[in-house]
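Participant: Its first residue numbered 2, the sequence shown is counted upward by one per residue in our numbering.
The beta-carbon is built from N, C-alpha and C at its ideal position, and this holds for glycine as well.
Got a structure for you, questions after.
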Amino acid sequence: MHFEDSLDFAVSLDHYDELAGFRKEFHIPRMHGRDAIYFTGNSLGLQPIKARDYVLQELEDWKNLGVEGHLHAKNPWFSYHEPFKELLSGIVGAKPEETVAMGSLTANLHFLLVSFYRPTRHRFRILCEKKSFPSDYYALDSQVRYHGFEPADAVIEIGPREGESIIRTEDILQTIEQYKESLALVMLGGVNYYTGQWFDIKTITEAAHRVGAFAGYDLAHAVGNVPLSLHDWQVDFAAWCSYKYLNSGPGGVAGIFVHEKHCKNKNIPRFEGWWGNKPNSRFKMERTIDAFETAEAWQLSNAPVLSMAPHRAALEIFSRAGMDKLRNKSVKLTGYLEYRIQKINEQLSGSPIQILTPADPSQRGCQLSLEINGGKKVFDQISEKGVVADWREPSVIRVAPVPLYNTFRDVYEFSEILLQALKS
Ligand SMILES: *Cc1c(COP(=O)(O)O)cnc(C)c1O
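Structure, rendered in structure tokens:
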């Protein structure tokens with residue numbers, strides 16, 4: 002892709018951007034009397050304008066109907082969660098029966114580990130990535146201890162080679178091979194939250210299966226960010242949250258994927274609840290569960306309608322925009338950001354910015370992680386100028402231009418502000 006270094010060029014890219022209209026469907030926070038340059042959709046996505054109406058609809062129906070809302074609300078609460086499987090399956094590349102909106106991310110990871118981490122004396126190890134998100138470590142460590150093993154022995158962390166910042170696929174495959182006798186599970190982030198590296202899920206899943214291990218993914222930073230084909234890639238299970246790229250609100254309802262081949266398998270145990278019972282027999286209140294043979298079998302409780310309402314508003318936007326088009330724009334937008342950062346490095350002595358994220362677009366989503374010596378001062382300065390980015394100790398600024406509401410102009414202005422901060 003050919004880029005130019007002028008504001009006019011950025012403005013013309015926005016002009017020809019077929020997704021540009023979607024920005025108007027979000028509330029853009031204001032700072033210093035103008036729209037913020039909001040590059041933290043990877044942490045908390047912005048509010049869809051329609052979210053408010055969707056929530057108010059449920060509050061109104063609750064106010065006017067009380068318990069009758071379960072059946073007679075405009076969107077009956079009894080089945081409120083059902084349209085989500087269609088909406089989510091398009092985003093993660095699954096069959097609708099393989100996805101369900103439920104619970105919260107870390108809790109869902111535990112429920113999935115109950116099903117897919119069943120260690121034996123000989124096969125008890127879990128492979129995960131170094132610099133995984135802390136909650137994922139805590140979930141894995143505590144599961145390992147719960148089963149009577151020691152994390153130091155059972156949790157294998159694969160990191161980058163000395164002097165490198167991303168993890169080589171060949172090293173992941175080699176480690177899987179190395180532990181082939183004892184590996185029970187490979188569990189990685191789809192996209193690493195710190196470096197923005199997008200793992201080769203298909204290849205890694207195949208390697209895990211070759212040695213007799215399951216492969217599951219925490220897609221917190223992948224869902225709504227990169228195209229996924231969980232079904233075709235034969236992924237065993239996955240979980241994600243909805244408040245990052247999916248723009249569904251703080252602490253919003255999360256989601257899971259369980260591959261079809263496991264949904265009907267009676268040998269896979271689960272922790273169950275009444276919402277895992279098929280709807281037509283659920284209210285017979287029988288002693289024994291009549292479980293779904295879909296991912297909904299993992300569902301425990303009745304749907305959190307008030308947090309599902311903004312989720313619906315957000316997912317409807319995704320289904321109108323389409324993941325393919327979003328990805329196309331995302332590759333351009335992040336490519337343009339990378340280009341502008343290279344220009345800054347050319348202008349300043351010593352190339353002050355090191356990009357930790359892979360340069361190959363097929364190994365990253367929209368985020369770039371910028372390592373800058375003395376970066377905290379730079380971060381504070383750009384924050385004062387209206388940039389909303391994310392600071393990670395000791396020296397990393399994470400920026401994520403997202404294709405639904407960020408513009409090429411945002412990228413241009415961000416890099417001007419960054420250049421000024423670095424010069425001062
Ligand atoms: C954001 C994130 C979480 C957060 O977990 P919650 O249970 O939603 O609080 C966990 N893991 C990863 C990889 C994340 O990026």
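Tell me whether S308, by its Cβ, gets closer than 7 Å to a heavy atom of ligand 1.
Facilitator: The answer is no for S308.
Participant: Excluding the five sequence neighbours on either side, which residues of its own chain have a C-beta within less than 8 Å of the C-beta of G336, listed in chain order?
Facilitator: So the list reads M2, F4, P362, once near-sequence residues are dropped.
Participant: Out of curiosity, what's the CA-to-CA distance linking G253 and L349?
Facilitator: One C-alpha to the other measures close to 42 Å.
Participant: Indicate whether R365 and S416 have their beta-carbon atoms separated by less than 8 Å.
Facilitator: It is not a contact, given that the beta carbons lie outside the stated cut-off.
Participant: Is it the case that the Cβ atoms of A242 and A255 are separated by a distance below 8 Å?
Facilitator: Note that residue 242 is Cys in the sequence shown, not Ala. Against a cut-off of 8 Å, the Cβ pair of A255 and C242 comes out as a contact.
Participant: Below 8 Å, how does it come out for the region 265 to 275 and the region 115 to 130: are there three or more Cβ pairs, yes or no?
Facilitator: At 8 Å Cβ cutoff, the stretches touch.
Participant: Using a 10 Å radius around the Cβ and a threshold of 16 neighbouring Cβ atoms, would you call I398 buried or exposed?
Facilitator: By the 10 Å Cβ count, I398 comes out buried.
Participant: I'd like the list of long-range same chain contacts for L47, defined as Cβ closer than 7 Å, with 5 residues on each side in sequence excluded.
Facilitator: Counting only Cβ-Cβ distances below 7 Å, and skipping sequence neighbours, we find F27, H28, I29, Y39, N248, Y406.
Participant: Pull up the distance between the alpha-carbon of S331 and that of D391, whole angstroms please.
Facilitator: So the alpha carbons of these two residues sit roughly 19 Å apart.
Participant: Tell me whether I356 sits in a helix, a strand or coil according to DSSP, three-state version.
Facilitator: Looking at I356 - three-state DSSP - the assignment turns out to be strand.
Participant: Taking 8 Å as the threshold, find out whether the region 282 to 290 comes into contact with the region 301 to 313 through three or more Cβ pairs.
Facilitator: Too few Cβ pairs lie closer than 8 Å, so no.
Participant: If you compare alpha carbons, which of H210, P161, K377, L110 is closest to L357?
Facilitator: With distances taken between Cα atoms, L357 lies closest to P161.
Participant: Put Y218 into one of helix, strand or coil per three-state DSSP.
Facilitator: Reduced to three states, the DSSP call for Y218 is strand.
Participant: When you measure from the CB of F200 to every non-hydrogen atom of ligand 1, does any distance come out below 7 Å?
Facilitator: The answer is no for F200.
Participant: Under 8 Å: do the region 147 to 161 and the region 199 to 208 share three or more Cβ pairs, one atom per stretch?
Facilitator: The answer is no - the region 199 to 208 does not touch the region 147 to 161, with fewer than three Cβ pairs under 8 Å.
Participant: Would you identify the three-state DSSP class for R283, choosing helix, strand or coil?
Facilitator: It is helical.
Participant: Classify I177: buried if its beta carbon has 16 or more other beta carbons within 10 angstroms, exposed otherwise.
Facilitator: Label assigned to I177: buried.
Participant: In whole angstroms, what is the alpha-carbon distance linking L110 and F319?
Facilitator: Going from the Cα of L110 to the Cα of F319 covers about 24 Å.
Participant: Give me every residue whose Cβ sits closer than 7 Å to any heavy atom of ligand 1, in chain order.
Facilitator: Those satisfying the condition are, in chain order, S105, L106, T107, A108, S133, F134, S136, D137, G190, Y194, D219, A221, H222, C242, K245, A255.
Participant: Say whether the region 208 to 215 touches the region 180 to 199, bearing in mind that this needs 3 or more beta-carbon pairs closer than 8 Å, one atom from each stretch.
Facilitator: Yes, they touch.
Participant: Would you list the one or two residues that DSSP bridges to T100?
Facilitator: Answer by DSSP bridge pairing, in chain order: F258.
Participant: Exposed or buried, what is W299 when buried is set at 16 or more other beta-carbons lying within 10 Å of its beta-carbon?
Facilitator: Under this definition W299 is a buried residue.
Participant: Please say whether R393 and Y195 have beta carbons closer to each other than 8 Å?
Facilitator: Against a cut-off of 8 Å, the Cβ pair of R393 and Y195 comes out as a contact.
Participant: Any idea which residues DSSP pairs N278 with across the strands?
Facilitator: Beta-bridge pairing links N278 to A292.
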